[in-house]
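>
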Amino acid sequence: VTDSENAPDILPGLSASATRINTKKLERVPWDHSGEHPGSPLFWSIISRALNIAWSYIFRNIEADPPPEVEGGVVLTSTHINGLVDPLALINTQKRRIITIGRHDLMTMPVIGWITRRMGSQPVIRKAELSRGVSDADFAKRINQRSMLTMSHCVASGHAAIVMPEGKSHQDSKLHALRTGPL
C-alpha cells in the first residue's frame, strides 16, 4: 500500500474567476466530434508565430533535443509551474495543431477566452467547482463529456493534446497531487 492510495483528495483553491461560470459562453465554445480540430487554422497559424516570437524573448539560449517523430496523435502532459510558459513550451515542440483542455473560466475571460476559443481549447468543470456549487452536475457532465470526446477524436485523427493534471499553476518546487478534473 502506497501513501498516495490513502491520501485525501484535496481540492485546489478557486480563483475569483473560477467561482463564476458563464454557461452561455461555455455552450458556444467550438467543439467537433468528427476528428477535425475545433479551432481556426488561420488563427492557429497567427498565434503559433506570435508564441514563437514570445518564446525567443523568454528563452534566448535553448539547447534541447527535438522530440521524437510520432505517427498519429499524441497526448502531452506536464507539471504546471508557471502559468502560460508551460503550455508554450509544449506547443513549441510540435509542428501540428494542438488541442488543450483547461479550466472553464479560461474559455470565458474577456481576452484570454477569445484567444483560447479560437485556438480550439476545450473547457472542463472540475470537481473543485462542483463541490463548491459553482455548477450543477448535469451541466458539468455535458460540458466535460463534450470536451473529452472532442479531445479524444482530435488525438485519434493525429492532432496533439495538452493536459496538465495538477489542476492549477503553482510556484512550488515539488509536484502537486494530480486532480480528478473532469473524470
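Counting from 162, one number per residue, gives the positions in the sequence shown under this note's numbering.
Even for Gly, the Cβ is constructed at its ideal location relative to N, Cα and C.
1) Considering only the alpha carbon of each residue, which of Ile219, Gly263, Lys185 lies closest to Thr238?
2) Should Trp192 be labelled buried (16 or more other beta-carbon atoms within 10 Å of its own) or exposed?
3) In three-state DSSP terms, what is Ile208?
4) Pull up the CB-CB distance for Leu187 and Met270, whole angstroms please, since I reckon it's below 8 Å.
5) Residue range of the alpha helix (DSSP H) that Pro248 falls in?
6) Less than 8 Å between C-beta atoms, sequence neighbours within five positions excluded: which residues of the same chain meet that for Ala322?
7) Taking the alpha-carbon of Leu212 as reference, which of Pro248, Arg189, Val231 has the nearest alpha-carbon?
8) On a CA-only basis, which of Thr254, Ile273, Leu310 is nearest Ala225? Give me that one, please.
9) Let me know the secondary structure DSSP gives Gly319 once reduced to three states.
10) Would you say the beta carbon of Gly294 is closer than 7 Å to some non-hydrogen atom of the ligand HEM?
Walking through what the data contain:
1) The residue you call residue 238 lines up with position 77 of the sequence shown. It is Gly263 whose Cα lies nearest to the Cα of Thr238.
2) If you number the sequence shown from 1, residue 192 lands on position 31. Buried, since its Cβ has 16 or more Cβ neighbours within 10 Å.
3) Here the question's residue 208 lines up with position 47 in the sequence shown. Of the three classes helix, strand and coil, the one that applies to Ile208 here is helix, per DSSP.
4) Translated into positions along the sequence shown, residue 187 becomes position 26. Translated into positions along the sequence shown, residue 270 becomes position 109. With a Cβ gap of about 12 Å, Leu187 and Met270 do not count as contacting.
5) On the sequence shown, residue 248 is found 87 positions in, with the first residue counted as 1. From DSSP, the alpha helix (DSSP H) with Pro248 extends over 246-252.
6) Counting from 1 along the sequence shown, the entry for residue 322 is found at position 161. Apart from the 5 residues on each side of it in sequence, Ala322 sits with its Cβ closer than 8 Å to the Cβ of Gly234, Val235, Val236, Leu237, Ile259, Ile260, Thr261, Ile262, Met312, Cys315, Val316 in its chain, given in chain order.
7) Residue mapping note: residue 212 aligns to position 51 of the sequence shown, counting from 1. Ranking Pro248, Arg189, Val231 by Cα distance to Leu212 puts Pro248 first.
8) Translated into the one-based positions of the sequence shown, residue 225 becomes position 64. Comparing Cα-Cα distances from Ala225 to each of Thr254, Ile273, Leu310, the minimum goes to Thr254.
9) Start at 1 with the first residue of the sequence shown, and residue 319 comes out as number 158. Looking at Gly319 - three-state DSSP - the assignment turns out to be coil, as it is neither helix nor strand.
10) The ligand HEM is not among the ligands present in this structure, which contains no ligands whatsoever.
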